[in-house]
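These notes are about the structure you will find just below.
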């Protein structure tokens, strides 16, 4: 994720549950907003979409029993609706009708948006070049027709899962406008599925950079603060018996705030896109890893991929 500079991530079979925090999902430099659909009361499944925090993204509420997530990504011209769906292999009854109803709902609510929907659909019997369906995959017969009815193009052309002598296109990318989508690559995944990467050409609206004021304690004059606090302590203690506990607290608090204001300077910082503690050697190693990744994707040579993998391992 760090190597490719990914802005949008779609995952299936996340196996996440409620008590797993978003902060524990992607331990990388970039910060993401997460949109999740976790399974309830049973293991497995689940989907999520992660979008970089500097991009304006809004969740789309879809009432359905399917495991899916939809997010609206704000662009300067046409907005992008990003979706992800997981269809378990045992989900047969009702999937076709519900998927058709779901698409109709999303397309009706966002008629002028570009829909890009990815996911693990589990239809090994579909030939996406001819849109024919193998007789052994009885559950897939209506799926190509549904895609055609909503003017969806399927962009994956190579098998996404291979085992032994079999290879199938199980992971799909469906869109009603393939023009912005390009450079689709298959990378070795952590499981028996490939990782699919690609580019979406669009002009994204980014969040405005915000600033905040903080105290710079590294430049504070603690010596003078302690001196003045010590000088005022005698008078404070002498008069404390004539005040209530609440009054003593207010006097002490006011004195301390005045000293902080006087001797600890204020600086303005940007609420940036990166974490301040990620710097120096780790950042240089990460940048090297990114450069090697871009080279490997560009020239597609085995030795370049090996250099990238070694750099990733060292990082």
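Residue numbers (full-length UniProt numbering): 1 to 315. Where a beta carbon is used, it is the ideal one built from N, C-alpha and C, also for glycine.
Return the bridge partner residues of residue i from the DSSP annotation.
i           : result
residue 127 : 132
residue 252 : Bridge partners of residue 252: none, in fact.
residue 120 : 86, 171
residue 33  : 51
residue 268 : 213
residue 206 : 55
residue 115 : 81
Compute the Euclidean distance between the alpha carbons of residue i and residue j, then round it to the nearest angstrom.
i           : j           : result
residue 6   : residue 18  : 25 Å
residue 119 : residue 136 : 22 Å
residue 75  : residue 208 : 14 Å
residue 297 : residue 200 : 16 Å
residue 131 : residue 110 : 27 Å
residue 254 : residue 227 : 16 Å
residue 117 : residue 184 : 14 Å
residue 42  : residue 16  : 11 Å
residue 171 : residue 31  : 26 Å
residue 26  : residue 49  : 12 Å
residue 189 : residue 196 : 9 Å
residue 61  : residue 85  : 14 Å
residue 198 : residue 259 : 55 Å
residue 230 : residue 214 : 26 Å
residue 318 : residue 126 : Nothing about residue 318 can be read from this structure; the chain reaches only from 1 to 315.
residue 146 : residue 65  : 18 Å
residue 257 : residue 241 : 22 Å
residue 252 : residue 217 : 20 Å
residue 93  : residue 307 : 48 Å
residue 133 : residue 96  : 15 Å
residue 186 : residue 194 : 6 Å
residue 142 : residue 99  : 11 Å
residue 67  : residue 87  : 7 Å
residue 233 : residue 220 : 21 Å
residue 22  : residue 34  : 7 Å
residue 128 : residue 157 : 7 Å
residue 310 : residue 212 : 40 Å
residue 268 : residue 210 : 10 Å
residue 90  : residue 280 : 50 Å
Tell me the residue span of the beta strand (DSSP E) that contains residue i.
i           : result
residue 84  : 80–86
residue 236 : Per DSSP, residue 236 belongs to no beta strand (DSSP E); it is in the alpha helix (DSSP H), 222–240.
residue 52  : 47–52
residue 67  : 67–73
residue 57  : 57–60
residue 211 : 211–215
residue 304 : Per DSSP, residue 304 belongs to no beta strand (DSSP E); it is in the alpha helix (DSSP H), 302–314.
From what residue to what residue does the alpha helix (DSSP H) around residue i run?
i           : result
residue 41  : First-last for residue 41: undefined, no H or E at that position.
residue 8   : Careful: residue 8 lies outside any alpha helix (DSSP H), inside the beta strand (DSSP E) at 8–12.
residue 290 : 281–299
residue 106 : 95–109
Rounded to the nearest angstrom, how far is the Cβ of residue i from that of residue j, given a contact under 8 Å?
i           : j           : result
residue 81  : residue 106 : 6 Å
residue 159 : residue 149 : About 26 Å; that fails the 8 Å criterion.
residue 114 : residue 175 : 7 Å
residue 45  : residue 36  : 12 Å between Cβ atoms; not a contact.
residue 202 : residue 178 : Incorrect: roughly 13 Å between the Cβ atoms, too far for contact.
residue 206 : residue 55  : 6 Å
residue 270 : residue 2   : About 21 Å separates the two Cβ atoms, so there is no contact after all.
Counting only runs of 4+ residues fully inside the region 125–204, write out the alpha helix (DSSP H) ranges in chain order.
-> 143–149
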